[in-house]
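Chains as they are written, first to last, in the numbering used here: chain A, 1 to 81; chain B, 101 to 181.
Note that beta-carbon positions come from the ideal geometry of N, C-alpha and C, so glycine has one too.
Here's the structure we're looking at; comments come further down.
There are 2 protein chains.
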Amino acid sequence: MNKKIQKLSDKFKALSNPIRVSILLCLLNGQSNVTKIQECLNIPQSTVSKHLGILKNAGVIEGERSGLEVIYSIVDDNVKG
Amino acid sequence: MNKKIQKLSDKFKALSNPIRVSILLCLLNGQSNVTKIQECLNIPQSTVSKHLGILKNAGVIEGERSGLEVIYSIVDDNVKG
DNA sequence: TTTATATATTATAATATTACAATATTATGC
DNA sequence: GCATAATATTGTAATATTATAATATATAAA
Numbered sequence: 001m002n003k004k005i006q007k008l009s010d011k012f013k014a015l016s017n018p019i020r021v022s023i024l025l026c027l028l029n030g031q032s033n034v035t036k037i038q039e040c041l042n043i044p045q046s047t048v049s050k051h052l053g054i055l056k057n058a059g060v061i062e063g064e065r066s067g068l069e070v071i072y073s074i075v076d077d078n079v080k081g
Numbered sequence: 101m102n103k104k105i106q107k108l109s110d111k112f113k114a115l116s117n118p119i120r121v122s123i124l125l126c127l128l129n130g131q132s133n134v135t136k137i138q139e140c141l142n143i144p145q146s147t148v149s150k151h152l153g154i155l156k157n158a159g160v161i162e163g164e165r166s167g168l169e170v171i172y173s174i175v176d177d178n179v180k181g
């Protein structure tokens, strides 16, 4: 299986879930920490964290710790637009 | 769950599989029938047909029957580029 | 070092996706 | 009608994804 095609479809897979799309829409307005995202979406913290991990793993977002918080922001240029 | 977000993530889901991405790359060069796509990818006919159905269902491609063949082509403007 | 807060990981049950052989359908020509 | 070719559907086992409670980790402040 072609490596580039696999990578491309993996990127799409990262975006193929409504919670993850919602998270990205939140982050399009600027960086945010997990708690704010959680309040925005109104779902359990572990669920948010899981999806943030998937997006981060796919190279769509990145998280930087600042004290107790982790601030997430979009790094994928195609998603940032 | 927001309807538009659901639709957007569904579109991404249609593209989240390497076989389906490969099919679309085939079709970017112009319309094609199932047999040609199958030969291009070298996988079972039923597998190709299944994935064509998923792409069609997602509104990414459309198929038009012409005699024994069904000719598929890309209809999604974002995918066509 | 204890406590509190923010986030991540693990465990697991429910659900969805996948591959593909077998079978069915659809269209054509005889 | 029957035979053939192209495509679609079905059945099903294997695998992957999902949600979320429970637990663990990380940091800061007292």
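Counting only C-beta atoms, is Ile105(B) closer than 8 Å to chain A at any point? Between Ile105(B) and chain A, the shortest Cβ-Cβ separation is below 8 Å.
Please list the terminal residues of the continuous alpha helix (DSSP H) segment that includes Val70(A). Where Val70(A) is concerned, there is no enclosing alpha helix (DSSP H), although the beta strand (DSSP E) it sits in stretches over 69-74.
8 Å Cβ cutoff met for His151(B) and Ile174(B): No. Outside cutoff.
Cβ-based burial, Gln138(B) [other Cβ within 10 Å; buried from 16]: Counting the other CB atoms within 10 Å of its CB gives Gln138(B) a total of 16 or more, which places it among the buried residues.
Do the region 29-36 of chain A and the region 124-135 of chain B meet, that is, are 3 or more Cβ pairs less than 8 Å apart? Segments in contact, no.
Just tell me which of Ser146(B), Leu141(B), Leu155(B) has its CA closest to the CA of Phe112(B). Nearest C-alpha to Phe112(B): Leu155(B).
Just curious, the beta strand (DSSP E) that Ile161(B) is in, first and last residue? In the DSSP assignment, Ile161(B) falls within the beta strand (DSSP E) that extends over 161-166.
Nearest CA to the CA of Ile123(B): which residue from Thr147(B), Asp177(B), Glu169(B)? Minimum Cα distance to Ile123(B) is reached at Thr147(B).
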